[in-house]
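Colleague: Starting off with a structure, shown below.
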Amino acid sequence: MIFARIRTAEIKGDRTMKKLINAPEDVLVESLRGVALAHPELAVDLTTHVITRATPKEQGKVAVVSGGGSGHEPLHGGFVGLGMLDAAVAGEVFTSPTPDRVQAATKAVDRGAGVLHIVKNYTGDVLNFEMAAELASMEGIEVGTVVVDDDVAVQDSLYTAGRRGVGLTVLLEKLVGAAAEEGRDLASVVELAKRINGDGRSMGMALTSCTVPAAGKPTFDLPDDQMEIGIGIHGEPGRHREPLAPASDIARQLVEPILADLGSAGPAIVMLNGMGATPLIELYLMYGEVAALLEKAGVRIARNLVGNYITSLDMAGCSVTVLKADDELLRLWDAPVNTPGLRWGA
Amino acid sequence: MIFARIRTAEIKGDRTMKKLINAPEDVLVESLRGVALAHPELAVDLTTHVITRATPKEQGKVAVVSGGGSGHEPLHGGFVGLGMLDAAVAGEVFTSPTPDRVQAATKAVDRGAGVLHIVKNYTGDVLNFEMAAELASMEGIEVGTVVVDDDVAVQDSLYTAGRRGVGLTVLLEKLVGAAAEEGRDLASVVELAKRINGDGRSMGMALTSCTVPAAGKPTFDLPDDQMEIGIGIHGEPGRHREPLAPASDIARQLVEPILADLGSAGPAIVMLNGMGATPLIELYLMYGEVAALLEKAGVRIARNLVGNYITSLDMAGCSVTVLKADDELLRLWDAPVNTPGLRWGA
Amino acid sequence: MTTTIDTSTLLDWISRFRDAVTEKREWLTELDSAIGDADHGANMTRGMAAVVEKLDGGAPATIDELLKTVGMTLVSSVGGASGPLYGTLFLRMGMAAGAVEQVDSAGLAAALRAGLDGIVARGKAEAGDKTLFDAMAPAVDAFDVAVAREIPIADAARGAADAAAAGRDATLPLVARKGRASYLGERSAGHLDPGAASMAILFETLAAAIAGAS
Amino acid sequence: MTTTIDTSTLLDWISRFRDAVTEKREWLTELDSAIGDADHGANMTRGMAAVVEKLDGGAPATIDELLKTVGMTLVSSVGGASGPLYGTLFLRMGMAAGAVEQVDSAGLAAALRAGLDGIVARGKAEAGDKTLFDAMAPAVDAFDVAVAREIPIADAARGAADAAAAGRDATLPLVARKGRASYLGERSAGHLDPGAASMAILFETLAAAIAGAS
Ligand SMILES: Nc1ncnc2c1ncn2[C@@H]1O[C@H](COP(=O)(O)OP(=O)(O)O)[C@@H](O)[C@H]1O
Ligand SMILES: Nc1ncnc2c1ncn2[C@@H]1O[C@H](COP(=O)(O)OP(=O)(O)O)[C@@H](O)[C@H]1O
Ligand SMILES: [Mg+2]
Ligand SMILES: [Mg+2]
Ligand SMILES: [Mg+2]
Ligand SMILES: [Mg+2]
Numbered sequence: 438m439i440f441a442r443i444r445t446a447e448i449k450g451d452r453t454m455k456k457l458i459n460a461p462e463d464v465l466v467e468s469l470r471g472v473a474l475a476h477p478e479l480a481v482d483l484t485t486h487v488i489t490r491a492t493p494k495e496q497g498k499v500a501v502v503s504g505g506g507s508g509h510e511p512l513h514g515g516f517v518g519l520g521m522l523d524a525a526v527a528g529e530v531f532t533s534p535t536p537d538r539v540q541a542a543t544k545a546v547d548r549g550a551g552v553l554h555i556v557k558n559y560t561g562d563v564l565n566f567e568m569a570a571e572l573a574s575m576e577g578i579e580v581g582t583v584v585v586d587d588d589v590a591v592q593d594s595l596y597t598a599g600r601r602g603v604g605l606t607v608l609l610e611k612l613v614g615a616a617a618e619e620g621r622d623l624a625s626v627v628e629l630a631k632r633i634n635g636d637g638r639s640m641g642m643a644l645t646s647c648t649v650p651a652a653g654k655p656t657f658d659l660p661d662d663q664m665e666i667g668i669g670i671h672g673e674p675g676r677h678r679e680p681l682a683p684a685s686d687i688a689r690q691l692v693e694p695i696l697a698d699l700g701s702a703g704p705a706i707v708m709l710n711g712m713g714a715t716p717l718i719e720l721y722l723m724y725g726e727v728a729a730l731l732e733k734a735g736v737r738i739a740r741n742l743v744g745n746y747i748t749s750l751d752m753a754g755c756s757v758t759v760l761k762a763d764d765e766l767l768r769l770w771d772a773p774v775n776t777p778g779l780r781w782g783a
Numbered sequence: 438m439i440f441a442r443i444r445t446a447e448i449k450g451d452r453t454m455k456k457l458i459n460a461p462e463d464v465l466v467e468s469l470r471g472v473a474l475a476h477p478e479l480a481v482d483l484t485t486h487v488i489t490r491a492t493p494k495e496q497g498k499v500a501v502v503s504g505g506g507s508g509h510e511p512l513h514g515g516f517v518g519l520g521m522l523d524a525a526v527a528g529e530v531f532t533s534p535t536p537d538r539v540q541a542a543t544k545a546v547d548r549g550a551g552v553l554h555i556v557k558n559y560t561g562d563v564l565n566f567e568m569a570a571e572l573a574s575m576e577g578i579e580v581g582t583v584v585v586d587d588d589v590a591v592q593d594s595l596y597t598a599g600r601r602g603v604g605l606t607v608l609l610e611k612l613v614g615a616a617a618e619e620g621r622d623l624a625s626v627v628e629l630a631k632r633i634n635g636d637g638r639s640m641g642m643a644l645t646s647c648t649v650p651a652a653g654k655p656t657f658d659l660p661d662d663q664m665e666i667g668i669g670i671h672g673e674p675g676r677h678r679e680p681l682a683p684a685s686d687i688a689r690q691l692v693e694p695i696l697a698d699l700g701s702a703g704p705a706i707v708m709l710n711g712m713g714a715t716p717l718i719e720l721y722l723m724y725g726e727v728a729a730l731l732e733k734a735g736v737r738i739a740r741n742l743v744g745n746y747i748t749s750l751d752m753a754g755c756s757v758t759v760l761k762a763d764d765e766l767l768r769l770w771d772a773p774v775n776t777p778g779l780r781w782g783a
Numbered sequence: 015m016t017t018t019i020d021t022s023t024l025l026d027w028i029s030r031f032r033d034a035v036t037e038k039r040e041w042l043t044e045l046d047s048a049i050g051d052a053d054h055g056a057n058m059t060r061g062m063a064a065v066v067e068k069l070d071g072g073a074p075a076t077i078d079e080l081l082k083t084v085g086m087t088l089v090s091s092v093g094g095a096s097g098p099l100y101g102t103l104f105l106r107m108g109m110a111a112g113a114v115e116q117v118d119s120a121g122l123a124a125a126l127r128a129g130l131d132g133i134v135a136r137g138k139a140e141a142g143d144k145t146l147f148d149a150m151a152p153a154v155d156a157f158d159v160a161v162a163r164e165i166p167i168a169d170a171a172r173g174a175a176d177a178a179a180a181g182r183d184a185t186l187p188l189v190a191r192k193g194r195a196s197y198l199g200e201r202s203a204g205h206l207d208p209g210a211a212s213m214a215i216l217f218e219t220l221a222a223a224i225a226g227a228s
Numbered sequence: 015m016t017t018t019i020d021t022s023t024l025l026d027w028i029s030r031f032r033d034a035v036t037e038k039r040e041w042l043t044e045l046d047s048a049i050g051d052a053d054h055g056a057n058m059t060r061g062m063a064a065v066v067e068k069l070d071g072g073a074p075a076t077i078d079e080l081l082k083t084v085g086m087t088l089v090s091s092v093g094g095a096s097g098p099l100y101g102t103l104f105l106r107m108g109m110a111a112g113a114v115e116q117v118d119s120a121g122l123a124a125a126l127r128a129g130l131d132g133i134v135a136r137g138k139a140e141a142g143d144k145t146l147f148d149a150m151a152p153a154v155d156a157f158d159v160a161v162a163r164e165i166p167i168a169d170a171a172r173g174a175a176d177a178a179a180a181g182r183d184a185t186l187p188l189v190a191r192k193g194r195a196s197y198l199g200e201r202s203a204g205h206l207d208p209g210a211a212s213m214a215i216l217f218e219t220l221a222a223a224i225a226g227a228s
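Written out as structure tokens, the structure is:
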């Protein structure tokens with residue numbers, strides 16, 4: 438009780454944060470505790486921060502593991518379950534989890550058919566998953582990796598860290614999860630994952646910064662009349678800042694670079710994703726703008742998602758993801774999925 | 438294009454709002470347009486703002502209609518579909534829809550077995566639904582009404598407007614929707630609705646105010662180190678204001694008045710609801726706090742919901758709803774539901 | 015000096031009321047921000063814009079039809095608490111006035127009283143509940159008294175407007191017992207009721223319309 | 015004057031580094047807020063707290079075990095980009111030093127060089143990419159040169175620390191080509207690299223530990 442009060446005082450000092458938390462350093466574990474209590478269908482390890490299905494999938498099927506820094510919920514833990522992930526490894530807020538934990542998760546869910554690591558393209562994630570894969574293969578577990586890099590806001594070049602992994606991760610986890618559930622082998626699942634990564638692009642924007650609990654104040658200052666275009670999901674400033682604009686204009690700024698990069702039109706799965714603090718009424722409005730632009734450009738939206746799927750703590754803003762989708766992808770999309778964050782057919 | 442620019446200028450004036458919108462007066466229709474594009478399984482009337490199922494339920498079953506001001510998404514439109522609502526009527530932001538529209542929705546979904554109106558207890562909603570029911574019965578449609586009033590922050594007295602209808606509305610729509618789907622008659626559905634209303638209570642709090650698009654600025658000023666306890670879902674100030682506190686303390690302030698009012702413990706359905714701008718990582722953390730307190734008080738949480746289900750635009754904060762649940766309610770809860778906002782078993 | 019009210023005076027009233035709520039929109043919304051949900055300005059503006067648009071398409075020739083058109087349009091365009099209440103006010107006024115082309119001061123008094131009764135029938139408000147009733151009731155009472163004393167209609171309307179304004183101001187210290195503001199309990203005291211504020215505007219514009227017709 | 019480094023000097027280094035990153039935590043986070051994700055201070059503090067806790071439970075007697083323990087603990091407690099990179103630095107240093115109880119300046123130079131090579135092997139950074147490499151590479155070079163010139167080890171370490179600080183400052187105008195800051199493109203210029211800043215602290219505390227042992 439006294440401890441609790443001391444913590445409050447800390448929160449109340451110069452680090453006033455409008456957050457439903459106790460001590461900043463306990464956010465991750467306490468949030469995972471809530472996940473554990475809310476979802477008996479998941480097994481949540483409060484020490485390793487690994488979330489697995491309470492009922493593992495059958496022997497002989499490829500397991501799918503993802504993870505990364507926390508602060509993007511429901512990604513990844515909220516996508517563990519039938520038809521999607523077998524395990525998610527939650528790092529500290531915006532900090533990739535460590536190799537030992539990724540390896541532990543990998544080992545725990547391996548069903549003898551190998552494990553796919555879905556890694557978002559951030560140096561930290563790539564390095565830690567790389568080391569984890571080394572550790573796992575030392576234990577005789579076959580690991581395949583896909584590095585998701587769909588963010589067209591970032592220049593993809595041999596001389597940079599390349600594009601970030603953002604919204605496409607959600608679609609990829611769903612589709613690849615369905616393929617693994619069907620019993621495909623690791624090579625084919627890896628190939629599918631890479632194909633999906635090649636066929637999807639995203640672009641995001643922010644109306645406000647987010648506040649990392651441990652930092653205690655907004656990551657960047659954004660004046661009341663400004664927005665950031667081309668942000669990622671870690672509160673990094675975007676590629677450029679400009680005056681607030683109407684939704685129709687913002688939609689154009691998100692859709693155009695995606696289409697320019699993705700090329701040809703045709704059937705697609707489209708996600709209009711909220712960054713965490715933007716309400717549904719605005720997300721649907723944005724979806725209306727985005728869908729109209731895409732259809733005008735010849736993209737036929739075969740499936741869609743509108744909501745908060747890959748977030749950046751309490752950032753206000755949104756991102757658009759477009760994935761070209763053939764009949765196979767649509768069939769995998771429609772396959773049953775039963776996770777806290779995405780559920781149908783089950 | 439020029440028009441768009443004029444509107445931007447308007448938005449940019451003294452009414453800078455960090456929202457993904459075009460002109461404030463178009464928010465509702467443009468958001469509904471997005472809903473229509475995203476959900477082909479719904480029929481969205483952009484003139485009357487009525488959302489119905491694209492495939493109506495069979496003749497001879499009770500229809501369930503709800504509605505109210507917009508700004509609470511996914512409530513109510515996001516709960517139209519199999520096992521839940523037959524129609525939702527969306528008013529302007531925070532403004533109850535008009536009687537003619539409620540009546541039109543009622544008439545459209547009546548399958549000859551009568552229609553249940555689910556009304557949240559606000560003067561505006563009560564009066565407009567009352568007039569709608571009068572209009573409908575003039576056309577020979579049998580209408581039953583349940584007025585939801587679950588908010589323990591508000592004194593329930595003969596000399597006031599009584600308690601507000603808040604979070605329980607979500608649970609009630611799900612449960613009553615399932616009962617209607619089973620083919621129960623109107624009297625039994627109304628009785629069930631009233632019983633649920635009697636057995637559920639909610640309490641909410643806000644870390645920030647929301648901003649009504651047409652108003653252009655936050656409804657109330659809340660200093661950086663303060664929070665409001667006992668808020669509703671319309672940006673009304675709460676019952677009292679106090680210094681920011683840790684989540685554990687806030688949880689206690691929400692749970693205690695609910696239990697004091699609800700009395701006895703036992704099995705329950707519990708919802709930890711976000712007000713629109715609070716990310717899942719915080720909502721799960723709060724759920725952990727709330728669940729621990731409830732279990733300690735002897736409440737056995739049989740089912741739960743954690744997420745943004747009944748929101749208040751871009752308000753940060755949360756609410757807790759506790760509904761005593763016997764086996765019948767749990768069975769209705771587990772029945773298939775297929776709506777944008779709530780989906781399982783289908 | 016005019017002694018009767020015809021449809022053109024009523025139309026002038028309606029259009030003045032539309033102008034005034036539009037002009038005072040932000041203020042009404044501000045009042046509703048303090049103890050409500052920040053939409054009363056938008057609600058009244060939307061409703062009166064719809065009314066004027068409707069009447070622009072052709073105004074009925076009789077007072078009952080005119081006022082019922084106003085009432086029905088408000089009911090079907092405003093929503094919220096104020097829609098059914100203001101709508102009922104005009105509907106009942108029209109019903110009380112009957113299919114005539116003009117009313118004298120007694121007729122107007124009766125119509126206003128019927129409107130007030132309609133509001134009470136719908137909303138169950140009592141004096142001191144901190145609602146639009148608290149501005150309207152003293153205005154209707156004052157008008158009745160003035161008519162009984164055979165005070166000229168323009169002066170009677172002026173007196174009613176003053177009474178409405180006083181009634182509005184008297185809502186300031188009250189703790190609300192009806193509508194959204196009642197959820198605030200004691201915190202509702204110290205603020206004017208937004209509905210009482212728009213109601214005072216209704217009587218102010220009535221007085222102005224009648225004065226203009228004189 | 016000391017000419018060798020033993021495990022107690024290394025332990026002192028580790029503990030000084032822990033203290034310094036803890037003290038400069040907010041600054042490191044601030045640097046990372048500008049061009050990263052605002053966690054570098056938290057990452058380094060968490061990692062070094064884990065290292066000290068681990069060593070408090072019993073420090074290995076040989077330099078390789080000691081440094082490998084530091085490296086493994088960083089790898090398994092930090093995460094992010096800095097975890098594998100700092101972890102590899104210490105792991106490789108340990109491997110290069112071997113199962114000895116002390117190293118001379120040439121041995122330390124070789125270990126540091128191995129650590130730097132490890133970082134490059136993991137992260138593929140090159141000079142001018144605006145990473146911790148830009149602070150470490152000049153420091154290791156300076157140390158090598160000093161050792162070749164048979165400058166006393168404490169002075170060599172001091173020179174390395176100064177070189178690291180200069181390397182850190184030189185990241186200011188650079189456009190990042192590795193790590194999170196690279197996403198910003200031109201906007202990354204005008205800010206110090208947070209990893210270079212913590213790396214300069216690592217060499218500063220090394221110099222202090224060796225000076226303290228002298
Ligand atoms: N039961 C009632 N009787 C009379 N007037 C009422 C009642 N409830 C609310 N009002 C009036 O309605 C006004 C609010 O109108 P408005 O803001 O347009 O609707 P809402 O409260 O639905 O947002 C209040 O200020 C009050 O004067
Ligand atoms: N490829 C790389 N090689 C060397 N150092 C790197 C590389 N990528 C990032 N860094 C360093 O890591 C630092 C950031 O560390 P930290 O903030 O802890 O991790 P993260 O970037 O994952 O949040 C950067 O300032 C940079 O110095
Ligand atoms: Mg990080
Ligand atoms: Mg309202
Ligand atoms: Mg209002
Ligand atoms: Mg960082």
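Chains as they are written, first to last, in the numbering used here: chain A, 438 to 783; chain B, 438 to 783; chain C, 15 to 228; chain D, 15 to 228.
Cβ coordinates follow ideal geometry from the N, Cα and C atoms, glycine included.
#1: Let's test the definition: count the other Cβ atoms within 10 Å of the Cβ of K733/B and tell me whether it reaches 16, buried, or not, exposed.
#2: S22/C: which of L80/C, A178/C, R39/C, T36/C sits nearest, CA to CA?
#3: In chain order, what residues of the same chain have a beta carbon less than 7 Å from the beta carbon of D20/D, not counting five sequence neighbours either side?
#4: Counting only Cβ-Cβ distances shorter than 7 Å, please list the residues of the stretch 15–32 of chain D near chain A, keeping chain order.
#5: Going by Cα to Cα distance, which pick from G204/D, A179/D, L88/D is closest to A190/D?
#6: Where I747/B and G711/B are concerned, what is the direct C-alpha to C-alpha distance, given to the nearest angstrom?
#7: According to DSSP, simplified to helix, strand and coil, what is N565/B?
#8: What does the alpha-carbon distance come out to for the pair A222/C and A688/A?
#9: With 7 Å as the C-beta to C-beta threshold (strictly closer), list the residues of the stretch 39–59 of chain D near chain A in chain order.
#10: I'd like the span of the alpha helix (DSSP H) that includes K82/D, first residue to last.
#11: Does the structure place the stretch 714–733 of chain B close enough to the stretch 682–702 of chain B that three or more beta carbon pairs sit under 8 Å?
#12: Using the DSSP secondary-structure output, state which residues sit across from G581/A in a beta bridge.
#13: Who sits around ligand 5, taking every residue whose Cβ is closer than 5 Å to one of its heavy atoms?
#14: For P511/A, is the classification buried or exposed, using 16 other Cβ atoms within 10 angstroms of its Cβ as the cut-off for buried?
#15: The stretch 616–629 of chain A: which residues have C-beta closer than 9 Å to a C-beta of chain D, in chain order?
#16: How is S594/B classed by DSSP in three states: helix, strand or coil?
Modeller: Looking at the coordinates:
#1: exposed
#2: L80/C
#3: Answer for D20/D: E115, Q116, listed in chain order.
#4: Taking 7 Å as the Cβ-Cβ cut-off against chain A, none of the residues of the stretch 15–32 of chain D qualify.
#5: G204/D
#6: 7 Å
#7: The answer is helix: DSSP assigns N565/B an H, G or I state.
#8: 49 Å
#9: Using a CB distance below 7 Å, the part of the stretch 39–59 of chain D facing chain A consists of T43, S47, G50, D51, A52, D53, A56, N57, ordered along the chain.
#10: Start and end: 77–89.
#11: yes
#12: L553/A
#13: With the cut-off at 5 Å, the residues found are D46/C, G50/C, D51/C, D53/C, H54/C.
#14: buried
#15: none
#16: coil
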